[in-house]
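Taken in order, the sequence shown gives residues 0 to 174; the numbers are from numbering that gives the first Met the number 0. By construction, the Cβ of each residue, glycine as well, lies at the ideal position given by its N, Cα and C atoms. From a predicted model like this one, the values you see are computed outputs, not experimental measurements. A short worksheet on the structure shown next.
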Amino acid sequence: MKVLLDGNQIKQAIAGLADQMAADLPKDVAIGVIGIRSRGEVLGQRLATMLSARLGQDVPCGTLDITLYRDDLNRPNRSTQPQVRTTDIPFSIDDRILILVDDVLFTGRSARAALDALIDLGRPRAIRLAVLVDRQGREFPIQADYVGLKTSIAPDKRVYVRLMESDGTDEVVIE
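Next up, the structure:
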């Protein structure tokens, strides 16, 4: 196991993402943060809090479950059925700039599924993608607008993001 980011580095990376967004996003447009379940949900909540402070406006946060939009649901080698959980977006996404948040960007498949799910829910003004770790290795033409750490990792290795709210610690590791 190799540690990519420890707790302090994660805090710094999220603060850096919030700084990039605050500098980049227009101040006169409604903004919302949507975290992809499950680690993106926690990261989204942290980012929304920081963005609210930096922008001086309420930045609401929601949670998106992409299970039914995934392209691997019916794979023959799948041993279990995925658990479908709720999507909870307590604000209108119409005409709002959305920051879609995920923990790791690898193939782009989760981001593609999330885009499909969001478009089914409304018509945002724009969607921006923010990730804590971009590990390279795309299978879809998807790139993040905001990246905490960009690194190249062998395809046979896995990146695990562990967050205090769900895992009792903040760290990003490769196994």
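| Check | Outcome |
| --- | --- |
| Identify, in the order they occur along the chain, each residue of the same chain with its Cβ nearer than 8 Å to the Cβ of isoleucine 152, setting aside the five sequence neighbours on each side. | Arg134, Gln135, Gly136, Val158, Ile173 |
| With leucine 24 as the anchor, note down where its alpha helix (DSSP H) starts and where it stops. | Looking at the DSSP string, leucine 24 is not in any alpha helix (DSSP H), and its letter there is neither H nor E. |
| Could you compute how far the alpha carbon of isoleucine 88 sits from the alpha carbon of alanine 116? | 12 Å |
| On the CB-based measure, 16 or more other CB atoms within 10 Å of its CB, does serine 109 come out buried or exposed? | buried |
| Thinking just about the alpha-carbon of each residue, which of Thr106, Val160, Lys156 is nearest to the one in alanine 143? | Thr106 |
| Are there three or more Cβ pairs, one per stretch, closer than 8 Å when the segment 11 to 19 is compared with the segment 39 to 47? | yes |
| CA-CA distance, arginine 122 and alanine 112? | 16 Å |
| Assuming isoleucine 33 is part of the beta strand (DSSP E), what are its boundary residues? | 30 to 35 |
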